[in-house]
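In our numbering, the protein residues as written are 39 to 243. Every residue gets a Cβ at the ideal spot worked out from N, C-alpha and C, and that includes glycine. Remember, predicted model here, so these are calculated numbers, not experimental data. See below for the structure under consideration.
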């Protein structure tokens with residue numbers, strides 16, 4: 039690892055802490071309002087209007103809320119895939135069938151996640167998605183995403199690349215999380231769009 043890569047990694051760690059601190063100050067009302075606006079904005083995306091299969095995730099804690107969006111996609115007849123964390127931090131996938139189809143899973147010392155309770159479809163199921171909704175902490179003017187640091191979505195993006203799959207990559211964030219610059223490492227890939235409660239921003243690859 040070169041010095042600059044190590045530098046990017048420690049810069050990312052510091053930035054992650056800053057963004058998480060701001061998120062943790064949000065009230066229940068803030069979270070609820072943001073989730074409603076986010077769902078409305080995202081549902082207006084042409085990519086989601088055309089999508090037959092969407093790979094998404096269930097927000098936890100102070101993350102921008104996704105449940106309203108998942109339910110609206112389901113009501114549209116979209117097949118929604120949700121991740122299940124594997125021991126090596128890779129992601130398996132299962133179909134979402136409403137809030138009752140979720141199980142709360144505790145992963146060691148990490149936070150509890152809500153995962154699909156039904157049949158596992160395998161890590162490659164994500165390659166069928168027309169749109170992949172990615173969690174993140176920030177995105178910059180080039181579309182580079184700052185993830186949580188677990189590397190799960192780096193694996194997903196690498197898997198899509200290997201399969202020659204080109205879904206629309208959309209990250210869901212709060213308004214203050216679209217920033218000028220995010221440190222990047224060689225494996226980082228830009229996203230196509232960011233949706234925040236106040237609007238949509240697109241990036242040209």
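Could you say which of 126, 105, 100 lies nearest to residue 67 if we only look at CA atoms? Within the chain shown, numbered from 1, the residue matching residue 67 stands at position 29. If we check each option's Cα against that of residue 67, 100 comes out closest.
Tell me whether residue 170 sits in a helix, a strand or coil according to DSSP, three-state version. In the chain shown, counting from the first residue as 1, residue 170 sits at position 132. Residue 170 falls in the strand class under three-state DSSP.
Using the three-state DSSP reduction, which class does residue 132 fall into: helix, strand or coil? To locate residue 132, count along the chain shown from 1; it is residue 94. Note: residue 132 maps to strand in three-state DSSP.
Among all the DSSP beta bridges, which residues are the ones paired with residue 186? Indexing the chain shown from 1 puts residue 186 at position 148. Beta-bridge analysis with DSSP links residue 186 to no other residue.
If you run the structure through DSSP and keep just helix, strand and coil, what is residue 106? Taking the first residue of the chain shown as 1, we reach residue 106 at position 68. Reduced to three states, the DSSP call for residue 106 is helix.
So, is residue 221 buried or exposed, given that buried needs 16 or more other C-beta atoms within 10 angstroms? Within the chain shown, the letter at position 183 stands for residue 221. Flag for residue 221 reads buried.
Return the residue from the list 112, 122, 174 that minimises the CA-CA distance to residue 142. Counted from its first residue, the chain shown places residue 142 at position 104. When only C-alpha atoms are compared, the closest one is 122.
Between which two residues does the alpha helix (DSSP H) holding residue 70 run? Taking the chain shown and counting its residues from 1, the one referred to as residue 70 is at position 32. From DSSP, the alpha helix (DSSP H) with residue 70 extends over 66-81.
If you draw a straight line from the alpha carbon of residue 41 to that of residue 109, how long is it in whole angstroms? As a position in the chain shown, residue 41 is number 3, starting the count at 1. As a position in the chain shown, residue 109 is number 71, starting the count at 1. Because residue 41 sits at a pLDDT of 45, beneath the cut-off of 50, its placement in the model cannot be relied upon, and the point is left open.
How long is the line joining the alpha carbons of residue 213 and residue 232, rounded to whole angstroms? On the chain shown, position 175 is the one that residue 213 refers to. On the chain shown, position 194 is the one that residue 232 refers to. Cα to Cα, residue 213 sits roughly 10 Å from residue 232.
Quick check: what's the CA-CA separation for residue 201 versus residue 163? Within the chain shown, the letter at position 163 stands for residue 201. Within the chain shown, the letter at position 125 stands for residue 163. In a straight line, the C-alpha of residue 201 is about 11 Å away from that of residue 163.
Identify whether residue 152 lies in helix, strand or coil by the three-state DSSP scheme. Numbered from its first residue, the chain shown carries residue 152 at position 114. Of the three classes helix, strand and coil, the one that applies to residue 152 here is strand, per DSSP.
Whose CA, out of 177, 170, 209, 216, lies closest to the CA of residue 197? The residue given as residue 197 occupies position 159 in the chain shown. Comparing Cα-Cα distances from residue 197 to each of 177, 170, 209, 216, the minimum goes to 170.
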